[in-house]
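Take the first sequence: its letters are residues 1 to 316, numbered as in full-length UniProt numbering.
Yeah, the Cβ is synthetic: ideal placement off N, Cα and C, and Gly gets one too.
Just below is one structure, and these are the notes that go with it.
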Amino acid sequence: MLHPLVPPVLAWFDTAARDLPWRAADRTPWGVLVSEVMLQQTPVARVEPLWRRWMMRWPTPADLAEESTAEVLRAWDRLGYPRRALRLQECARAVVERHDGELPRTEAELLALPGVGTYTAAAVMAFAHGRRAVVVDTNVRRVLSRAIAGDALPPPSLTRGELRDAATLVPDDDGTASRWSAAVMELGALVCTARSPRCDACPVAEQCAWRRAGRPPDALAPVRRRQAWHGTDRQVRGRIMAELRAADHPVPAEVLLAAVPGDETQRRRCLAGLLADGLVAALEPLRRPSAGAADAEDADDDAAVRDDAVLYGLPR
DNA sequence: AAGTCGGGGCA
DNA sequence: TGCCCAGACTT
């Protein structure tokens, strides 16, 4: 038995679904996974052009696995969260090694891949393999929060109740379930939006608990200040990565740090962090012979950052 | 459960 | 300016 919310949303999806390339008939399971990773915390409009170029260049896991990490990070460009690019390549290599280059077909195996969490594993099951899965992203959470719970916005972190509601709604058979997952996400992206929801265009407006209650504003939760952008480590890290993407030769620490905002402490902290994350490589660690020979073995990334003679670049 | 991690577009 | 965007991972 289908939940009353399901049929109207499926019918709406048939007419309103966007024509996205990772939904095309010629899509591959790997292409779907790539899209899901790129879409993590990133709007569709910014992902689409980059996804097209990416899949043209590296159509299969084997193609990406063989590429140099530096080229992968350059292609990732300014999509944001470049650690995703690193993990995507690790994921490609894991697929080649563990699964003979074919994306696995069970949720547990997908979940075990680098960069693939609860949401992405479920999404790949549904959208790449056409299977029933409980796909819960920010769009689904907002739609169900409004339609079922009657709240303007979902709680800060995913609750058991939300997961239970979401699971209850997913139809039993694979085909209908996978279409439902895509449809309810699309509804959240196009109609039941965070800012100004278009309830007049919503196929389940009559059933929506939030709308029937008069669209009350979000229950004033203790407003936690979001981290600002200007002057943050995230901005400085981003600037360092931008410099290295643009450079076709190794860059001396002095030159690199001079091109980046922030005070000395922050810039060096960020560079050390990028080294630890594997997003930056120290290409020529010309460490000075230390006084104690025993200390030579303890040299770590922080020591490298303090040495101005070191050259930095994207990892090979 | 809370922090960290990019970047851009829009009200 | 603040908020939001098909989250994952570490602590």
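Contact belief for residue i with residue j at Cβ below 8 Å, rounded distance in angstroms
i, j, result
"Cys192", "Arg142", "6 Å"
"Ile240", "Val260", "6 Å"
"Val135", "Met185", "7 Å"
"Pro59", "Glu90", "No, Pro59 and Glu90 are not in contact; Cβ-Cβ is about 18 Å, not under 8 Å."
"Ser181", "Ala126", "4 Å"
For residue j and residue i, the rounded distance between their alpha carbons
i, j, result
"residue 326", "Pro29", "A query on residue 326 cannot be resolved here, the shown segment of the chain reaching from 1 to 316 and no further."
"Ser145", "Val47", "26 Å"
"Ala108", "Ala122", "10 Å"
"Thr15", "Pro155", "31 Å"
"Leu88", "Arg53", "16 Å"
"Tyr312", "Leu283", "6 Å"
"Arg211", "Pro315", "51 Å"
"Ala209", "Leu5", "12 Å"
"Ala201", "Gly188", "12 Å"
"Trp22", "Ala194", "24 Å"
"Pro250", "Ala94", "29 Å"
"Ile148", "Arg18", "25 Å"
"Gly273", "Thr118", "26 Å"
"Gly214", "Leu190", "21 Å"
"Pro216", "Gly161", "21 Å"
"Ala45", "Leu39", "10 Å"
Continuous alpha helix (DSSP H) stretch holding residue i: start and end
i, result
"Gly273", "264-277"
"Gly31", "29-38"
"Tyr119", "118-127"
"Thr138", "138-144"
"Asp174", "174-190"
"Cys91", "83-99"
Same chain only: Cβ atoms within 8 Å of residue i, ignoring 5 sequence neighbours per side
i, result
"Val124", "Pro29, Val32, Leu33, Glu36, Leu103, Leu110, Val116"
"Ala281", "Leu275, Tyr312, Gly313, Leu314, Pro315, Arg316"
Enclosing beta strand (DSSP E) for residue i [first to last residue]
i, result
"Leu311", "311-313"
7 Å CB neighbourhood of residue i in its chain, flanking five on each side removed
i, result
"Asp277", "Arg83"
"Ala166", "Val134, Val136, Val140, Leu144"
The ligand GTP heavy atom lying under 6 Å from the CB of residue i
i, result
"Phe13", "Judged by which ligands are present, the structure shown has none, so any question about the ligand GTP falls away."
Cut-off 6 Å between Cβ atoms - residues of its own chain near residue i, not counting five sequence neighbours on either side
i, result
"Leu64", "Trp58, Gln89, Ala92"
Query raised in the report: Between the region 234-254 and the region 69-77, do three or more beta carbon pairs fall short of 8 Å?
Result: The answer is yes - the region 69-77 touches the region 234-254, with three or more Cβ pairs under 8 Å.
Report task. May I ask you to verify whether the region 226-240 touches the region 168-184, counting CB pairs closer than 8 Å and requiring at least 3? Result -> No, they do not touch.
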